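Novice:
Protein chains in written order, with the working numbering: chain R, 1 to 107; chain W, 1 to 291; chain H, 1 to 549.
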């Protein structure tokens, strides 16, 4: 198990009314779950907490998370990920889905 | 044109969202609560925010119900201590509040990593189901995923008033691989998918009467089936248990020596097995004409 | 002094057939006499062609051949398409083969790599299909060909059914050069449904004790198509199919192209592309084509081989598929490869490894698979002269010089940035460039498709238009730009990617109007094998391993 915490600069997220969290994905082989929550301590960074069952891919994690934080305004969020060996594209997919759930009334 | 999402491919949360009245679902112990397995980290196995089961309250066609949905992708939907407590809790809430209980099963059984806590949880959940049944509060198991309902979850499902299955769902106690291991590949080849589904799949279970309704592999069809049963309950009496016992004895006598599952379909009234295999739930129900 | 006789082959063939003598009754020999017959008709130093195609195998004859020893058979120059069976490998282990020329070694790729490492694989060259068929007429003409057919009649005519595959390409050069054609058949009948090979070109026939080996190689279960593959399919449909209005094409056989086929009646229909793209196909009868065919997208399909379970469907759709007078499906690998080379505007297929220059390969250090047919189609046909819209549009983008061909075939590589097990698809150098492999292949690295031939690379990150790149540095930057989080991708410079994107050389999904949140398996016209059977109206009979009902 590889665990790390890292903050990435990002433009502030305008929180939709009534939403406190959003979840996407499931923990299963080649998949992950990601939870977006409010982080009242900051408005201009995305705080990431990652637990991955497959160690040794921190570089690509950091690159994928950093790209996401620079492509979308997600400042002021705490992002927690439970990973079971998802490919980087699945990471991007789930982040994007959770972000969509947060902004829209999707589930 | 676009097809609908297949129920058997949806995640637990997607299933709930596509089944219940929009916006009506309130989750209990939601992900931010982080009520997770204390055991899995010790074994270096990843945890999940919901420990593989989503529970809460919702409405279906305006009728309130308590709902549980297992996450088959997470350790095979296996029932651990937290998972089992959530399941038992929602069934107990049904009994307490006299609100129908629906659980969407997707589980190979108990979570062996957590010792006997899963076994204990299943027996507690069974007890809760019987509390509901004593009060005539409907309990419904929905089985519509490839993982099916096996082991403890197979037993729990059969304790309920009703079972709704799709052709993708499977119901049993021992899984195919376990049966093959004990009986030999000659007796049961677990890699023969057609054989596995013909013996434990939704259509066969519906023909045998183990499933009460057959639904198509989409949330709308499953939802319609749940609505049909929400106001009903099946009495649990000495008489009904004895009748069931006789039914099973008769089944053993009729089919005990049958090796070809198609033959069972034929005896149960299916003339054209190939056609029936491809039939929709409605078509199949018409072909079966049971009862 | 009289000149040397110029009909020695003809006389030698007569001598070989005379040796068989009473072992044959007319053209027919018994199954148990086959090892003896093989000893009598094959001579030391012969070029021997063993029919091993992509799907069907003359496996009974191969197995009998593998029972022979060095006492019976020596110094054989083996020529064949596909080394597929354990019996093929056995011939090398026994040291019967002095040279081998072949195309592909799918399931035996590891065994071939091992034989090479052990010095037991005297390789001539690895070919593409049409390349080896061409050499059958030049310097690799078989003296004996061991082939497979479904049925023979009493005169010795052969019926090949759906899987014609390589048979005519093997029989013609052999039969017309006084070689011996020896066929195994599943059964001997009084009347054939149709004649595929005339008796005149067949010398010996045996009714094999078991039906020939036939693999359902191209059945892709839609249930296994992932969200990522659907995303890539949407990217490709908008960025390539729609952009160039591709009407004639060849598809690979992976899940990526299966996803595209299954999106045509749904996503493609939404885009209004029906009738504008994907009308003429050079592809096997892929079950995942059924929904597009049933929805009226497809005008015609020509195939290099058949597919198990598609017999009744193809027979019932004779407007779409080539069928014989008997009504059943017909294929031909040599002609199909020719059609795929000259006749179509696009080749699109998946690959296992791409280097930073755009070269791709399926070879790894432990697995030598070879080429098959992909390079015949995944290349620029420099002899092409007929124009089409797609060909000219691609040609204009590639900025031809005064001495170059005005059009260009679209050669598209679909590549998820990672293979299973987090193995990166994009690498700085191909495994195929390994010095030991190159040495074994006489200095030529086994590159499947060369970067110069590739026009586009499509990944889940976007499209890199390689033909629009003006320098090799630009091409490398374009490839890094879509290589995601692989080591090759992580080396990209943001400023370069931005510049290439502004010129349309790199296109991200959002540039094409594709959003990851639109991706859903519900877009697939059929989501499982049962769905395909339902689309076919019950005419598709999937092989048992795909049936779960």
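We treat Cβ as the ideally placed atom computed from N, Cα and C, and that holds for glycine. Quick caveat, the model's predicted, so the values are computed rather than measured.
1. Using 8 Å for Cβ pairs, my map puts residue 67 (chain W) next to residue 125 (chain W). What's the rounded Cβ distance?
2. What does the Cβ neighbour count give for residue 291 (chain W), buried or exposed, with the cut at 16 atoms within 10 Å?
3. So is residue 19 (chain W) in contact with chain R if we call contact Cβ pairs under 8 Å?
4. For residue 198 (chain W), report the span of its alpha helix (DSSP H) as first-last.
5. Tell me which residues share the same chain as residue 1 (chain R) and place their Cβ nearer than 8 Å to its Cβ, disregarding the 5 neighbours each side in the sequence.
6. What's the C-alpha gap between residue 79 (chain H) and residue 123 (chain H)?
7. So, is residue 14 (chain R) buried or exposed, given that buried needs 16 or more other C-beta atoms within 10 angstroms?
8. Where residue 304 (chain H) and residue 270 (chain H) are concerned, what is the direct C-alpha to C-alpha distance, given to the nearest angstrom?
9. If we count the other Cβ atoms within 10 Å of its Cβ and call it buried at 16 or more, is residue 18 (chain R) buried or exposed?
10. Pull up the distance between the alpha-carbon of residue 128 (chain H) and that of residue 448 (chain H), whole angstroms please.
11. Considering residue 47 (chain R), what are the terminal residues of the alpha helix (DSSP H) in which it resides?
12. So, does the CB of residue 548 (chain H) fall closer than 8 Å to a CB anywhere in chain W?
13. Taking all protein chains shown into account, do 16 or more other C-beta atoms lie within 10 angstroms of the C-beta of residue 61 (chain R), making it buried, or fewer, making it exposed?
14. Can you check which of these residues, H:110, H:347, H:43, is closest to residue 15 (chain H) by C-alpha distance?
15. Contact between the stretch 212-221 of chain H and the stretch 306-313 of chain H is defined here as three or more beta-carbon pairs at a separation below 8 Å; is this criterion met?
16. Would you list, in sequence order, the uninterrupted alpha helix (DSSP H) runs of no fewer than 4 residues that lie entirely inside the stretch 108-191 of chain W?
17. Could you tell me the distance, in whole angstroms, from the CA atom of residue 106 (chain H) to the CA atom of residue 87 (chain H)?
18. Using a Cβ-Cβ distance cut-off of 8 Å, determine whether residue 7 (chain W) contacts chain R.
19. Mapping DSSP to helix, strand and coil, what is residue 229 (chain W)?
20. Identify the continuous beta strand (DSSP E) that holds residue 250 (chain H) and give its terminal residues.
21. On the DSSP letters alone, give me the boundaries of the beta strand (DSSP E) that residue 98 (chain H) sits inside.
22. Look at residue 83 (chain H) and residue 256 (chain H) and say whether their C-beta atoms are less than 8 Å apart.
23. Tell me whether the beta-carbon of residue 378 (chain H) lies closer than 8 Å to the beta-carbon of residue 426 (chain H).
24. Opposite residue 73 (chain W) in the DSSP bridges: which residues?
25. Along chain W, in chain order, which residues have C-beta atoms closer than 9 Å to that of residue 1 (chain R)?
26. Please classify residue 364 (chain H): does DSSP put it in a helix, a strand, or coil?
27. Taking CB distances under 8 Å as the criterion, tell me whether residue 12 (chain H) reaches chain R.
28. Could you compute how far the alpha carbon of residue 358 (chain H) sits from the alpha carbon of residue 419 (chain H)?
29. Please classify residue 83 (chain H): does DSSP put it in a helix, a strand, or coil?
30. Using a Cβ-Cβ distance cut-off of 8 Å, determine whether residue 422 (chain H) contacts chain R.
31. Is it a yes or a no for the stretch 71-85 of chain W touching the stretch 37-53 of chain W, going by three-plus beta-carbon pairs under 8 Å?
32. Mind pulling the chain W residues with CB within less than 9 Å of residue 27 (chain R)?
33. Measure the beta-carbon distance from residue 182 (chain H) to residue 150 (chain H) and round it to whole angstroms, keeping in mind my assumption that it falls under 8 Å.
34. Quick one: is residue 53 (chain R) near chain W, going by C-beta distance under 8 Å?
35. Which residues, taken in chain order from the stretch 266-290 of chain W, show a beta carbon closer than 7 Å to some beta carbon of chain H?
36. Listing by chain order, which chain H residues have their CB less than 7 Å from the CB of residue 63 (chain R)?
Specialist: Considering the structure as presented:
1. Not quite, the Cβ-Cβ distance comes to about 15 Å (not below 8 Å), so this is no contact.
2. Confidence is the limiting factor: at residue 291 (chain W) the pLDDT is only 44, short of 50, which leaves the residue's position unreliable, though a coordinate-based value still follows. Under this definition residue 291 (chain W) is an exposed residue.
3. no
4. 193-200
5. 51, 52, 53, 55
6. 10 Å
7. exposed
8. 31 Å
9. exposed
10. 9 Å
11. First-last for residue 47 (chain R): 45-52, but that is the beta strand (DSSP E), not the alpha helix (DSSP H).
12. yes
13. buried
14. H:43
15. yes
16. 117-134, 151-159, 176-183
17. 14 Å
18. no
19. helix
20. 248-251
21. 97-102
22. no
23. no
24. In DSSP, residue 73 (chain W) forms no bridge with anything.
25. 41, 44, 45, 46
26. strand
27. no
28. 17 Å
29. coil
30. yes
31. yes
32. 46, 47, 48, 49, 52, 71, 73, 74, 75
33. Not quite, the Cβ-Cβ distance comes to about 16 Å (not below 8 Å), so this is no contact.
34. yes
35. 277, 278
36. 485, 490
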